[in-house]
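Protein sequences appear in the order of chains A and B. Just so you know, we're using the numbering used here here: the first sequence kicks off at 1 and counts up by one. Just so you know, we're using the numbering used here here: the second sequence kicks off at 1 and counts up by one. Even for Gly, the Cβ is constructed at its ideal location relative to N, Cα and C. Each remark here refers to the structure printed beneath this line.
2 protein chains.
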Amino acid sequence: MGEAAEKYRAISPAEFFYKYREIAGFSSPARAIYQTVRELVENALDATDAHGILPDVKISIKRVDEIQEFYRITVEDNGIGIPPDVVPDAFGRVLFSSKYVLRQTRGMYGLGVKMAVLYGQMTTGRPVEVITSKSGFKRIYYFKLRIDVNKNEPVIIERSSWRKNRDWHGTIVSITIEGDWGRAKQKIKEYLFKTAIVTPYANIVALTPDDEIVYYPRVVDKLPSPPVEVKPHPHGVDLELLKQIISSHNYSSVEELLIKGFQSIGEATARLILQQAGVDPAKPPVDLTENELLSLVNTLRSMKDIRAPSTKAISPLGSEIIEAGLKHVFQPEFTYAVSRRPQAYQGHPFVVEAGVAYGGKTPLSENDKPIILRYANKIPLLYDEGSDVTTLVVKEDIGWDNYMITFPAPIAILVHVCSTKIPFKGVGKESIADVPEVRREIKLALMDVLRELRKYLSKKAREEELKKRAEHLAKYIPEVARSLALITSGGDKEAEALLLRRLVSIVSKRTGIPVTEIQGVLESVKIGA
Amino acid sequence: MGEAAEKYRAISPAEFFYKYREIAGFSSPARAIYQTVRELVENALDATDAHGILPDVKISIKRVDEIQEFYRITVEDNGIGIPPDVVPDAFGRVLFSSKYVLRQTRGMYGLGVKMAVLYGQMTTGRPVEVITSKSGFKRIYYFKLRIDVNKNEPVIIERSSWRKNRDWHGTIVSITIEGDWGRAKQKIKEYLFKTAIVTPYANIVALTPDDEIVYYPRVVDKLPSPPVEVKPHPHGVDLELLKQIISSHNYSSVEELLIKGFQSIGEATARLILQQAGVDPAKPPVDLTENELLSLVNTLRSMKDIRAPSTKAISPLGSEIIEAGLKHVFQPEFTYAVSRRPQAYQGHPFVVEAGVAYGGKTPLSENDKPIILRYANKIPLLYDEGSDVTTLVVKEDIGWDNYMITFPAPIAILVHVCSTKIPFKGVGKESIADVPEVRREIKLALMDVLRELRKYLSKKAREEELKKRAEHLAKYIPEVARSLALITSGGDKEAEALLLRRLVSIVSKRTGIPVTEIQGVLESVKIGA
Chain A
1 MGEAAEKYRA ISPAEFFYKY REIAGFSSPA RAIYQTVREL VENALDATDA HGILPDVKIS
61 IKRVDEIQEF YRITVEDNGI GIPPDVVPDA FGRVLFSSKY VLRQTRGMYG LGVKMAVLYG
121 QMTTGRPVEV ITSKSGFKRI YYFKLRIDVN KNEPVIIERS SWRKNRDWHG TIVSITIEGD
181 WGRAKQKIKE YLFKTAIVTP YANIVALTPD DEIVYYPRVV DKLPSPPVEV KPHPHGVDLE
241 LLKQIISSHN YSSVEELLIK GFQSIGEATA RLILQQAGVD PAKPPVDLTE NELLSLVNTL
301 RSMKDIRAPS TKAISPLGSE IIEAGLKHVF QPEFTYAVSR RPQAYQGHPF VVEAGVAYGG
361 KTPLSENDKP IILRYANKIP LLYDEGSDVT TLVVKEDIGW DNYMITFPAP IAILVHVCST
421 KIPFKGVGKE SIADVPEVRR EIKLALMDVL RELRKYLSKK AREEELKKRA EHLAKYIPEV
481 ARSLALITSG GDKEAEALLL RRLVSIVSKR TGIPVTEIQG VLESVKIGA
Chain B
1 MGEAAEKYRA ISPAEFFYKY REIAGFSSPA RAIYQTVREL VENALDATDA HGILPDVKIS
61 IKRVDEIQEF YRITVEDNGI GIPPDVVPDA FGRVLFSSKY VLRQTRGMYG LGVKMAVLYG
121 QMTTGRPVEV ITSKSGFKRI YYFKLRIDVN KNEPVIIERS SWRKNRDWHG TIVSITIEGD
181 WGRAKQKIKE YLFKTAIVTP YANIVALTPD DEIVYYPRVV DKLPSPPVEV KPHPHGVDLE
241 LLKQIISSHN YSSVEELLIK GFQSIGEATA RLILQQAGVD PAKPPVDLTE NELLSLVNTL
301 RSMKDIRAPS TKAISPLGSE IIEAGLKHVF QPEFTYAVSR RPQAYQGHPF VVEAGVAYGG
361 KTPLSENDKP IILRYANKIP LLYDEGSDVT TLVVKEDIGW DNYMITFPAP IAILVHVCST
421 KIPFKGVGKE SIADVPEVRR EIKLALMDVL RELRKYLSKK AREEELKKRA EHLAKYIPEV
481 ARSLALITSG GDKEAEALLL RRLVSIVSKR TGIPVTEIQG VLESVKIGA
């Protein structure tokens, strides 16, 4: 029995994510450069539109080494800026973030930019550089720093500041990593294009290593209303969360805890909950026993007559933006989009929006499914389509035949899920997990838009059918008119024309085909003959 | 401009994974119970077969609450046990593990069992219980503990120990979580079944909440040779890793650092590397400049004439186990398996093994691909097939027509990847990322087995073709024999029989169809007539 001694050790979150960087999307130089651009652009948008600022985002990707593929990626935004005392942690401490709150944001893990910093320092050894200032601040701050992987701490290499001469606010971040532009190029461009589609209120400009300028100008000036942070909803509570709320506040009674610690609970509901849970409303929360806590959690989670989670915290796109986006991409003959009513899963509000494009320049889809455009909290998802819940719905939950679609067909769908917490399958944010509530809503949203598509397609089919019938009848009308004219008036041309008009009117009345249509066909028959 | 103040905060790894538990596979009560069983079983197997012990694994899943779906999951192994001073951290500190080493193990993230503990305490509030002892230890130790999520620290609720009366060694872990047995049942059974297939040297017995006993007895007594920890390979080095090796050892010179800190580097290679990198061999590693470190990393990574990564650290299944497994599951008419030679990606050795089963009880596969059984480091992968690299290879890299396969067909393939680091796409360990080196090997392994399948299928087709031709010819032989007999001997029966035999022999010589086969057909023709 060759028993080897086990070496146990603890590693810091920085070391964990450095070691397993591929789970955050940093699996190769090509993926890393894509992921770095993404994370920086998403931070730039989160720093602007979520705070009522029309985004101006400037991206520059520059090759900085002749021999090796080292790229310096710089992203500048006009966002709210970062307080100087927070900058070191925000860029140099893994699991430090402003996004651990109940509010829709693109970022959510407190990982993205730190992963890019880590990837930079492990491949090129270059530190991250940050320039930032908040509105109203008198100075602009500059930091150059790296991450101490063992300690998960920022190491500041250089810092300075200077006076502002105008009220600039925003953040400029530069990270130098080993990349593979040749392989990443197409995905990065697709990412920017698909981002621009759902943020038409943003100016996005990128300078590529090929010295190409990719520019998506702002096309609307109206911002969606920014999401607002909310308290946890009772349906999303668990024992651990309840204990955290209790220990981080100083509520004097359980009743106060319920009313002030949660959304959707008023005095009456609080009493009802406490009665059902068998807990004394006046009891101080810190004195609750494990059994009382468990009973409280069970009651909170299962309360039926409670307001749904607040939707102030989420910010959908709306059907206009989706339709405009689809029209822009596919120039289809038919487009339709819906933004469904908010729903909730595990206490998190979410909204599903869907759109469909048909015909026009929509390319023929694959054998068993339409072209799928996936979005989550306004982020386009470009990888892992095969394991996304939308793909499951498309393949398993929709009877495409019922909507007059036989694949391959010129059809594309767009699905946008937004929520205070997107159930991503991984921290790389590439696909959404199969959560029953979300799956159901995606199905219903797609059925909504497909029903409209079916109406359009059956109207189109009916019109084509009518046209065929009109063409068929029209063949005989002139002949009949001529024969009748010969019998009744010896072939008088005027009589023949009159008879023709009458016949057209009779045929129109009998068949329901508009007179103009029949005349149109008669014209074409005449020309054809 | 409604600018909201950003709330920045750091969270502990425990809070991070509690908050985002779905990325570790704990997305619902059904997934959680499956994942808990998995993590405990994989720990049990890692504690045994990797240390030369034939595994005895006992699993019990028991419902412990009448009203709520609370399940107590207990897994017992006869493994090496855990030292008592390590137990609290091993079960109560996220990112604490014995598996952060270069050696093939089922576990790798230091997360699994802690996720189950966290899920238990957030759904049922019940702590984890551990009983363990190492071989040679005089006592057995008992712990009851929970995780302080904010601090990421174990909180010991109870501990005790007692004298052993026999040299028992192993570990028993009990975790109580909210589950959904009804929905998880099938996946858990599939998991156990597929695990048993690739660990025929293990005794696995499970008692389910339905009071059913699932038992996979040991069928072979031979253990594969346990993997051994190795040093990093030069091709897998990066700046960060090099700095870590330097800071955690006390090498006096860069030359010593290269020879002792890495595998596959001897004195001659070390000198060559240092010469190419332009670094003084005698320089103390701590004095290396950033540029020297970078140059060293680049030289190490790109060294061509260097021994491939050591394969002592990995432990493949071997083709016999794969073939036996496939035969057991599908009772196919044809099976074949290969275990390819070791390769490396990013400095990690890996081996790809593949098998194919055809016909017999193999069910008809889907429209565009065979049935796929996926394994990684002896773990069956049951979810996220759509995004796995094997699925990509099957769909994009293999020309199935070339192997005489037209879907749907009665064909199943098995792919096993083993490595010191499986490039999983997520910490839930459900699918393998598209790493070019791994993808290539999977493709080659499948081509190896499919070539054998093609040989079998074309032999089968040839035999069927021959049989058809024999049948065709055989129709005429008796007639010809009769006519000839009539001409030559006035229809003498004996002469006819002789002629028949001669004709059969001529036809056999000309066509290559064995005499016996033609006679067989003649028999059947006679009977038919």
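Per DSSP, what kind of secondary structure is residue i in: helix, strand or coil?
i	result
E333/A	coil
L373/A	strand
S160/B	strand
I530/A	With chain A running from 1 to 529 in the structure shown, residue 530/A is simply not present.
G170/B	strand
P88/B	helix
R72/A	strand
P13/A	helix
S339/B	strand
E437/B	helix
V286/B	helix
T269/A	helix
P309/B	coil
P29/B	helix
F350/B	strand
M1/B	Caution is warranted here: a pLDDT of 41 is assigned to M1/B, below 50, making its placement in the model unreliable, and no coordinate value can be reported.
Using a 10 Å radius around the Cβ and a threshold of 16 neighbouring Cβ atoms, would you call residue i buried or exposed?
i	result
Q186/B	exposed
P320/A	The sequence as given places Glu at residue 320/A; Pro does not occur at that position. It is exposed - the Cβ of E320/A has fewer than 16 other Cβ atoms within 10 Å.
N367/B	exposed
K443/B	buried
E430/B	buried
N250/B	exposed
T488/B	exposed
A529/A	Since pLDDT at A529/A reaches only 44, below the 50 mark, its modelled position is unreliable, and the value read off the structure follows with that caveat. So A529/A counts as exposed.
My understanding is that residue i touches residue j, with C-beta atoms under 8 Å, so please give their C-beta distance in whole angstroms.
i	j	result
P281/A	I246/A	Not really, about 15 Å apart at Cβ, beyond 8 Å.
P88/B	P13/A	Wrong, their Cβ atoms sit about 20 Å apart, outside the cutoff.
E69/A	P29/A	7 Å
L457/B	I413/B	15 Å between Cβ atoms; not a contact.
I273/B	L293/B	Going by Cβ atoms, the distance from I273/B to L293/B rounds to 13 Å, so no, they are not a contact pair.
E503/B	A481/B	Checking the displayed sequence, the identity of residue 503/B turns out to be Leu instead of Glu. That pair is a contact at about 6 Å.
K312/B	P227/B	7 Å
If you measure between the beta carbons of residue i and residue j, is that distance less than 8 Å?
i	j	result
G107/A	D180/A	no
S264/B	R218/B	no
V41/A	V75/A	yes
V417/A	I432/A	yes
F17/B	L145/B	no
T195/B	P316/B	no
I156/B	F137/B	no
T124/B	I177/B	yes
I33/A	A184/A	yes
F330/B	G360/B	yes
A277/A	T299/A	yes
D56/B	D85/B	no
V405/B	E385/B	A quick correction: the sequence has Ile, not Val, at residue 405/B. No, they are not a contact pair.
T199/B	K58/B	no
Y607/A	V427/A	Residue 607/A is absent from the structure shown; chain A starts at 1 and stops at 529.
V438/A	Y375/A	no
I513/B	A470/B	yes
G347/A	G170/A	no
Nearer than 7 Å: is that true of the beta carbon of residue i relative to any heavy atom of the ligand PLP?
i	result
V521/A	Summarising the ligand content, the structure contains no ligands, and the ligand PLP is consequently not present.
Counting only runs that start and end within the segment 204-241 of chain A, where is the beta strand (DSSP E) found for 3 or more residues in a row?
-> Within the segment 204-241 of chain A, the complete beta strand (DSSP E) runs of at least 3 residues are 213-216.
Could you tell me which uninterrupted alpha helix (DSSP H) segments, each at least 4 residues in length, are contained entirely in the segment 97-163 of chain B, listed from first to last along the chain?
-> Correct list: 112-123.
Scan the segment 437-503 of chain A and note each continuous beta strand (DSSP E) run of 3 residues or more that stays entirely inside, going in chain order.
-> If one requires a minimum length of 3 residues, no beta strand (DSSP E) run lies completely within the segment 437-503 of chain A.
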